[in-house]
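Enquirer: The UniProt record's numbering applies: residue 1 is where the sequence shown begins, and numbers increase by one.
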Amino acid sequence: MGHTSVAGGMPDPREEPPVRRGTLAPRQVTLLASLLLAPNPSPMTLDGTNTWILRAPGATGCVVVDPGPPDPGHLEAIVAAGPVDVILLTHGHIDHSEGAAPLHDLTSAPVRALDVAHRLGDEGLTEGDVILAAGVEIRVLATPGHTSDSLSFVLTGDRRTDVSGTDRHDAPALTGDEASVLTGDTILGRGTTVVAHPDGRLGDYLASLRRLSDLGDAMVLPGHGPYLPAAGRAADAYLAHREARLDQVRAALAAGDSTIAEIVRRVYADVDRALWPAAELSVRAQIEHLHEQRELRTTPIELLLT
């Protein structure tokens with residue numbers, strides 16, 4: 001479990017009707033990317049995990065990003081969209097990766113990931129890799145923070161389609177050759193994500209958001225929730241939200257809060273209590289970050305253990 005809509009702060013997403021039970025066939029979102037929604041909705045996964053099917057027009061095979069849970073119907077829908085050339089993981093949380101091994105068994109497609117524990121095949125993924133498959137050029141960006149192994153994938157030459165899935169040939173590329181970006185859980189389509197301490201680190205996450213901000217008008221194809229029109233605007237909103245939360249944590253400490261639970265009750269009072277366990281992870285990451293920035297006079301070890 002690695003996601004939460006802990007508080008708002010996002011730019012308005014493109015309005016779409018909520019889908020609650022997964023989808024049986026991919027829905028075209030951009031020229032190169034189609035969405036297959038997994039049937040695993042929850043407070044942590046929003047409407048479910050977004051499995052992305054990538055292929056250029058006319059290509060036979062496809063690239064699958066984040067197969068999601070090992071749900072038989074969902075895996076059958078992925079296989080039906082194939083043939084699958086390669087499976088890519090944005091990170092190793094089970095709601096994104098658990099279906100990778102059974103999908104590999106069904107298709108023999110290699111599974112590529114940053115974390116060697118999730119790879120099936122000879123090749124992994126690392127910063128700067130360029131993958132050419134199914135007629136699509138995919139550039140790998142290391143975007144740690146949500147987890148240490150979080151990656152984003154930039155699709156070169158992508159462009160929007162209209163709501164019916166028909167390619168809009170008059171639609172310009174969104175930012176030159178960097179037209180869309182699959183962000184996994186680093187940027188969600190709705191709400192904000194958890195920094196999953198201790199694996200996730202807030203300093204890394206802020207740096208990753210600044211990097212995604214540089215993509216400007218690239219369309220965001222997230223791991224959960226609806227797609228967003230501009231990576232720069234989404235990342236900037238996330239950065240502002242994180243800075244506001246840090247200010248709230250500073251204020252909670254100044255007010256005398258001395259445990260993680262006390263800080264969560266004060267800072268995340270506006271958030272569904274079902275999400276407070278995830279919020280606790282983010283608070284731990286925030287405390288660690290403030291300590292690393294030398295803003296805390298004493299070690300946070302005792303606080304982090306509460």
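Idealized CB from N, CA, C, for every residue including glycine.
Classify T90: buried if its beta carbon has 16 or more other beta carbons within 10 angstroms, exposed otherwise.
Expert: So T90 counts as buried.
Enquirer: Got a sec, what are the start and stop residues for the alpha helix (DSSP H) R233 sits in?
Expert: Its alpha helix (DSSP H) spans residues A231 to A254.
Enquirer: Examine the Cβ distances between the region 52-63 and the region 73-87 and report whether three or more of them are shorter than 8 Å.
Expert: A contact exists between the region 52-63 and the region 73-87.
Enquirer: Do you know whose CA, among Q286, G216 and T192, lies nearest T45's CA?
Expert: Comparing Cα-Cα distances from T45 to each of Q286, G216 and T192, the minimum goes to T192.
Enquirer: Start and end of the alpha helix (DSSP H) containing V195?
Expert: Segment: none, V195 is in no alpha helix (DSSP H) and carries neither H nor E.
Enquirer: Whole angstroms is fine: what's the gap from D105's alpha carbon to D149's?
Expert: Those two C-alpha atoms are separated by around 24 Å.
Enquirer: Leaving aside the five residues before and after R210 along the sequence, list all residues of the same chain whose C-beta is less than 8 Å from its C-beta, in chain order.
Expert: A235 and L239.
Enquirer: When you compare each of A251, M219 and L281 to L31 by their alpha carbons, which one comes out closest?
Expert: That would be M219, whose Cα lies nearest to the Cα of L31.
Enquirer: Drop a sphere of 10 angstroms on the beta-carbon of Q293, count the other beta-carbons inside from all chains shown, and report buried for 16 or more, exposed for fewer.
Expert: Q293 comes out exposed.
Enquirer: Looking at the unbroken alpha helix (DSSP H) that takes in V271, where does it start and where does it end?
Expert: That residue, V271, is in no alpha helix (DSSP H); it is neither H nor E in DSSP.
Enquirer: Going by CA-CA distance only, name the one from L54, L182 and D95 that's closest to A38.
Expert: The candidate whose alpha carbon is nearest that of A38 is D95.
Enquirer: Give me the DSSP bridge partner(s) of Q28.
Expert: Looking at the DSSP assignment, Q28 forms a beta bridge with S34.
Enquirer: Classify G184 as helix, strand or coil using the three-state DSSP reduction.
Expert: In the structure shown, G184 sits in a strand (DSSP, three-state: E or B).
Enquirer: Taking the straight line between their C-alpha atoms, what separation do you get for R55 and V264?
Expert: Answer to the nearest angstrom: the Cα atoms are 43 Å apart.
Enquirer: State the DSSP-derived secondary structure class of S282, mapped to helix, strand or coil.
Expert: Reduced to three states, the DSSP call for S282 is helix.
Enquirer: Give the range of the beta strand (DSSP E) segment to which P83 is assigned.
Expert: It is not in any beta strand (DSSP E) - P83 carries neither H nor E in the DSSP assignment.
Enquirer: Pairing CB atoms from the region 116-129 with CB atoms from the region 66-75, are three or more of them under 8 Å?
Expert: No contact exists between the region 116-129 and the region 66-75.
Enquirer: In whole angstroms, give me the CA-to-CA distance for V267 and S152.
Expert: Taking the straight line joining both Cα atoms gives about 29 Å.
Enquirer: Ignoring anything shorter than 3 residues, give me the beta strand (DSSP E) runs that lie fully in the region 79-142, in order along the chain.
Expert: DSSP runs (the beta strand (DSSP E)) wholly in the region 79-142: 84-88, 130-133 and 136-142.
Enquirer: Give the DSSP-derived three-state secondary structure of P69 in the structure shown.
Expert: Reduced to three states, the DSSP call for P69 is coil.
Enquirer: Might you give, ordered along the chain, the residues of its own chain that have their beta carbon closer than 8 Å to the beta carbon of R201, omitting 5 neighbours on each side?
Expert: Within the same chain, R201 has close Cβ partners P144, G145, S148, V195, A285, E288 and H289.
Enquirer: I need the DSSP call for A77, collapsed to helix, strand or coil.
Expert: DSSP places A77 in helix when its eight states are reduced to three.
Enquirer: Since I believe L212 is in contact with V181 (beta carbons under 8 Å), could you give me their beta-carbon distance rounded to a whole number of angstroms?
Expert: 7 Å between Cβ atoms; contact.
Enquirer: First and last residue of the beta strand (DSSP E) that includes L54?
Expert: L54 -> beta strand (DSSP E) spans N50 to L54.
Enquirer: Could you tell me whether the Cβ atoms of I187 and P226 are closer together than 8 Å?
Expert: Going by C-beta atoms, I187 is not nearer than 8 Å to P226.
Enquirer: Where does S213 sit, in a helix, a strand or coil, going by DSSP?
Expert: Here S213 sits in helix by DSSP.
Enquirer: How close, in whole Å, do the beta carbons of R119 and V111 come, if the pair is a contact with beta carbons under 8 Å?
Expert: Rounded, the Cβ-Cβ distance is 6 Å, consistent with contact.
Enquirer: Whose C-beta lies closer than 6 Å to the C-beta of E98 among residues of the same chain, with five residues either side of it excluded?
Expert: Closer than 6 Å at Cβ, skipping near neighbours: P69 and P70.
Enquirer: Would P41 pass as a contact of S34 if the rule is Cβ separation under 8 Å?
Expert: No, they are not a contact pair.
Enquirer: Give the DSSP bridge partners of V220, in chain order.
Expert: V181 and L228.
Enquirer: Between which two residues does the beta strand (DSSP E) holding L155 run?
Expert: Its beta strand (DSSP E) spans residues L151 to T156.
Enquirer: Express the C-alpha separation of G135 and G141 in angstroms, rounding to a whole number.
Expert: The residue you asked about is not Gly; residue 141 is Leu in the sequence shown. Cα to Cα, the separation comes out at about 19 Å.
Enquirer: Here's the rule I'm using: 16 or more other beta-carbon atoms within 10 Å means buried, otherwise exposed. How should G256 be labelled?
Expert: Exposed.
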